[in-house]
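**Q** With the working numbering applied, the sequence shown covers 76 to 990.
Backbone N, C-alpha and C fix where the C-beta goes; we use that ideal spot for every residue, glycine too.
Sharing a structure, written as structure tokens. Questions coming.
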Amino acid sequence: MRLLLVIKKENVDLEKPVNKLNNFLVLQKRIQIVFTLLVLGSFSQIKAQERVPFDQGKKYILAKVSVVGKISFNEQTVVTFSGLQKGQEIAVPGEEISGAIKKLGKLGLFDEIAFYVNKIDNDSIYLDLNIVELPKLNEVKFVGIKRSKVEGLIKDNNLTKNKIVNENLITTTKNYIENKYKKDGFYNTKVTITNTLDTVNGHHVNMLVRVDKGDKVKISSIDFIGNKQLTSSQLRGAMKDTKQKNVLRILKSSKFIPEKYKTDLEKVVATYKEKGYRDARIIYDSVTYNKKKNMLAIKIKMEEGNKYYFGNIKFLGNTVYPDQLLSRYLGIKKGETYNGVLLEKRIADKTKPDAEDITNLYQNNGYLFSNINAVEVKTVNDTIDFEIRVTEGPIAYFNKISVVGNDKTNDHVIYRELRTKPGEKYSKEQLVRTIREIGQLGFFDPEAIDPKFKNVDASAGTVDIEYHVVEKGSSQVELQGGYGGGGFIGTLGLSFNNFSARNIFNKESYKPLPMGDGQKVSLRLQGSTYFQTYSISFSEPWFGGKKPVQFSSSISYSKQFLNNYATRSVDKSKSFNILTLQVGLAKRLTVPDDYFVLSQSVSYQHYDLNNYNTGLFTFGNGASRNLAYTIGLSRSNKGVNPIFPTYGSDFSISAKVTPPYSLFNGIDYGNLQNEKEYKSQYTGSPTSGVDGQPLNTGDYVKTETVNGQSGIVSVGSDYASADTDQGKVDQKKYNWLEYYKIKFKADWYTKLYGKLVLRTLTEFGFLGAYDQTRGVVPFERFYLGGDGMQSYSMDGRETIGLRGYENNSLTPVNSRNEQIGATIYNKFSMELRYPITLKSSASIYALAFLEAGSSYPTFKDYNPFDLYRSAGVGLRVFMPAFGLLGIDWGYGFDPQPGETKAHGKEIHFIIGQQF
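Below, the structure is given as structure tokens:
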């Protein structure tokens, strides 16, 4: 006879079902302890299946725990996590088994945990641990949202393949999505998550997330009660992120976000404090939801209190700076209207890290541990006296400076830009400047640069700074194809902005190219059936490695064949070649400050024409040479993000000059047309002129009209009567180009509100001549209008963008309506920018612009108020691999040359260009 003893206990401490919405997972957590004891023999007073009390278990020595069931974990690992050990004394049933179950349950990996008695040998017991794992995630799909949002939600909730699917995961995912959309104004968002067993991949589930956002909950009205000193309109304006519905509002919607609403209530009170009402407070506020209209109504009751004024202001504890200096920084005088917000900003402006406040005065000079507080000490009627209590503390010094996160960029590239050096006096100003300099490198996400303070030790007067950076792609690819000039034009460009020239011969550094030293190498190929252009450039920002002196060099070669645009035929016997060489140095200055850069460069261009008569030049055979020296002075402190600056400015002035050949070559350019060698000669076979007289090879000729027929006639050897060969004259004039070019540019960035940034820009350019008889060269001129994209050109022209008009359409023309380029131009621009995202993978911002500008053939024609005007909107996308891309819609308010009414709309596509 066999006796079966069963001991069974439910554990209520385990987790709930993985997903109550799925039938296959609706399994109540069961933890069973089933012991099977086979006893041979006869017993007279024992009942079958007798239940043993939990606290009266029998003692055994644990001989072995065997894990059974289909699991993916190592058997010994599971036993180890249970806490049970071979040779351990356990009670059956008892706390040891219960504890093992709880430990395994807390792992969150198993759906069922069960212990069974395999056998009992004397006082030794052998147990089987049967476990069933929780399912793993195979794939996840979203329904009810845009595809572009799916990747972010998967990443934010870590819904990766093979993720353990438990109720915690489902609950947190559901709550995260609902809260995310509630923050965007979808207050009725509902999320349903359903799991189904994957039929192919065993013990895996497919997750389906259904998102029902519903309609946005907007604010119908914001009403204030009890406000007499400030209007409701003023108070609503103070609420920057909580707005009532208004069809005229564009930048801010009327969605309701509880966290921002609370902040806006504080701003309402702060607005009163700015006006002197120190005791103003909100008595109550209410938010009422109208389910039928799906809108909210907000009511806020104010208690304004009395208006106050500043009384005496006394400084205490200051030994480093006198009261007079601190008073100037504070900028508040006795008798002025009380302004609590201004007082706080003058002491420590938390909105501007580089503000001119008292706290920064101390912290920029080593007093890291300083503390400044304004304390009200006396109130008489409507006047408040203050004490500004200063705790200066010891001077702090930078100790250890380190950088974390630069996986590709070598340390020395970053460390040479740091303004915070070990052993130097602590300076918040230099800390902020360092953040800007790292961001300006272009190798790191400027929004993610984070200086962390480590080991701040007031007793030792030291602080460690650890800069955390996130690498971003710095190399770019330009691949374009299009149709223009009667044929297909292809462009391939490669730009490596963090190159390492010293590792060119190091095979291990090719990943795929040697990178990390901050150098820049650019390659560009452009070609079609009738022209090819090849260029390569290199720059080293720290030439020699010791000082911030940038070395740059470039070489390019272009070859163009005569192209008939009508027939699309190319004559390769007629060509025009350009060779360009340039080398330059740019040095960072220390006076007036180290934002200034002095740049110098020398360039040489060789223009070679071989039977190339197109009308662009008056001569078809010959050469022109352009040897020029350029010097420029610039100052740039814009930051932090070079793609989307939010503060600072960028000023530059430059002069490009050639040697004044006419001063020392002895040539009278004003008399060339009268000299013999520049007269027209007949070069053909002997024939007759239009007058019927003989015309021999080498005769000097002039143009005449005889009997209504125009042609050439011979004047024999009388060269003074012959026509001037303008091609020969221009060949002599432009054999070596002689000119000077002045350019000025001023660019400001101002944060208006929140993330909204105003960019203001003004430009000016002038091309002049030393010798007026020689005239201004037809090269190096300005071409205004359109997108400003610098396309292929043969004459060194500069393209100036003015949106809302066709490309180059605002450029002066000659009597034959041919564009001749401008010698002077000016341009003014205002641009509002708002970032959509500034992630390192892609930075996107929207913009609206107003522009005006014009170009003029000579200085005599210059009128800075006679401008072409335009306005429009646009979008910019910066991707590290492709550079800056964009599109603009512009409207020209004035007629282009040759038009009689406003030009109207134009769409511009931007590639690698920033206005």
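Taking buried to mean at least 16 other C-beta atoms within 10 Å of its own C-beta, is residue 956 buried or exposed?
**A** Result: exposed.
**Q** If you draw a straight line from the alpha carbon of residue 615 to that of residue 352, how long is it in whole angstroms?
**A** Rounded to whole angstroms, residue 615 to residue 352 spans 58 Å at the Cα level.
**Q** State the start and end residues of the unbroken beta strand (DSSP E) segment that holds residue 462.
**A** Its beta strand (DSSP E) spans residues 458 to 466.
**Q** What does a CB cutoff of less than 7 Å around residue 457 pick up in its chain, not counting 5 residues either side in sequence?
**A** Taken in chain order, the residues that qualify are 381, 382, 383 and 384.
**Q** Can you give me the C-alpha to C-alpha distance between residue 223 and residue 916, rounded to a whole angstrom?
**A** Going from the Cα of residue 223 to the Cα of residue 916 covers about 14 Å.
**Q** Thinking C-beta only, is residue 859 closer than 7 Å to residue 72?
**A** Residue 72 is absent from the model: the chain starts at 76 and stops at 990.
**Q** Does residue 231 pass the burial test, meaning 16 or more other C-beta atoms within 10 Å, or should it be called exposed?
**A** With fewer than 16 other Cβ atoms within 10 Å, it is exposed.
**Q** Report the CB separation of residue 140 from residue 202 in whole angstroms; it is logged as a contact under 8 Å.
**A** Going by Cβ atoms, the distance from residue 140 to residue 202 rounds to 5 Å, so yes, they are a contact pair.
**Q** Could you tell me the alpha carbon to alpha carbon distance between residue 833 and residue 863, rounded to whole angstroms?
**A** Rounded to the nearest angstrom, the two C-alpha atoms are 21 Å apart.
**Q** Assuming residue 816 and residue 731 are in contact, meaning their beta carbons sit under 8 Å apart, how far apart are those beta carbons, in whole angstroms?
**A** About 4 Å separates the two Cβ atoms, so the contact holds.
**Q** Would you say residue 546 and residue 529 are within 7 Å of each other, going by their C-beta atoms?
**A** Against a cut-off of 7 Å, the Cβ pair of residue 529 and residue 546 comes out as no contact.
**Q** Please report the straight-line C-alpha distance between residue 127 and residue 228, rounded to a whole angstrom.
**A** Because the pLDDT at residue 127 is just 43, under 50, the model does not fix this residue reliably, and the value given afterwards should be weighed accordingly. Roughly 52 Å between the two C-alpha positions.
**Q** Out of 947, 959 and 985, point me to the one whose CA is closest to residue 968's CA.
**A** The candidate whose alpha carbon is nearest that of residue 968 is 947.
**Q** Report yes if the CB atom of residue 390 is closer than 7 Å to the CB atom of residue 470, and no otherwise.
**A** No.
**Q** So what does DSSP say about residue 313, is it helix, strand or coil?
**A** Here residue 313 sits in helix by DSSP.
**Q** Within the continuous beta strand (DSSP E) that includes residue 143, where are the two ends?
**A** From DSSP, the beta strand (DSSP E) with residue 143 extends over 133 to 143.
**Q** Taking C-alpha atoms, which residue in 712, 706 and 372 lies nearest to residue 515?
**A** Among 712, 706 and 372, the Cα nearest to that of residue 515 belongs to 712.
**Q** Taking all protein chains shown into account, do 16 or more other C-beta atoms lie within 10 angstroms of the C-beta of residue 738, making it buried, or fewer, making it exposed?
**A** With fewer than 16 other Cβ atoms within 10 Å, it is exposed.
**Q** Please classify residue 590 as buried or exposed, where buried requires at least 16 neighbouring CB atoms within 10 angstroms.
**A** Buried, since its Cβ has 16 or more Cβ neighbours within 10 Å.
**Q** Please list the terminal residues of the continuous beta strand (DSSP E) segment that includes residue 615.
**A** Here the beta strand (DSSP E) through residue 615 covers 606 to 615.
**Q** For a test of the three-state rule: what should DSSP assign to residue 910, helix, strand or coil?
**A** In the structure shown, residue 910 sits in a strand (DSSP, three-state: E or B).
**Q** Measuring straight from C-alpha to C-alpha, what distance separates residue 898 and residue 757?
**A** The alpha-carbon atoms of residue 898 and residue 757 are separated by roughly 36 Å.
**Q** Please determine, among 828, 927 and 981, the residue with the shortest C-alpha to C-alpha distance to residue 907.
**A** Checked all of 828, 927 and 981; the closest Cα to residue 907 is 828.
**Q** How would you call residue 951, buried or exposed, if buried means at least 16 neighbouring beta carbons within 10 angstroms?
**A** When all chains shown are included, residue 951 counts as buried.
**Q** When burial is assigned at 16 or more other CB atoms within 10 Å of the CB, is residue 875 buried or exposed?
**A** It is buried - the Cβ of residue 875 has at least 16 other Cβ atoms within 10 Å.
**Q** Strictly by DSSP, which residues pair up with residue 854?
**A** Residue 854 pairs with nothing; no bridge assigned.
**Q** Could you name the residues that DSSP lists as bridge partners for residue 304?
**A** Answer is none; residue 304 lacks a bridge partner.
**Q** Pull up the distance between the alpha-carbon of residue 525 and that of residue 277, whole angstroms please.
**A** C-alpha separation (whole angstroms): 45 Å.
**Q** Can you tell me whether residue 337 is buried or exposed? The criterion is at least 16 other CB atoms within 10 Å of its CB, across all chains shown.
**A** Residue 337 comes out exposed.
**Q** Between the segment 441 to 459 and the segment 504 to 511, are three or more C-beta pairs nearer than 8 Å?
**A** The segment 441 to 459, when compared against the segment 504 to 511, does not touch it at the 8 Å Cβ threshold.
**Q** Determine contact between the segment 846 to 860 and the segment 734 to 750, defined as no fewer than three beta-carbon pairs at a distance below 8 Å.
**A** With the cut-off at 8 Å, the segment 846 to 860 and the segment 734 to 750 touch.
**Q** Restricting to Cα atoms, I'd like to know which of 408, 244, 254 and 279 is closest to residue 268.
**A** When only C-alpha atoms are compared, the closest one is 244.
**Q** Are residue 610 and residue 631 closer than 7 Å when you measure CB to CB?
**A** A contact, by the Cβ cut-off of 7 Å.
**Q** Can you list, in chain order, the residues of its chain with a C-beta nearer than 8 Å to that of residue 506? Leave out the 5 residues immediately preceding and following it.
**A** Contacts found: 494, 495, 526 and 540.
**Q** In the DSSP assignment, what residue or residues form a beta bridge with residue 370?
**A** In the DSSP output, where bridge partners are listed per residue, residue 370 has 293 and 365.
**Q** Does the beta-carbon of residue 583 have 16 or more other beta-carbons within 10 angstroms, so that it is buried, or is it exposed?
**A** Exposed.
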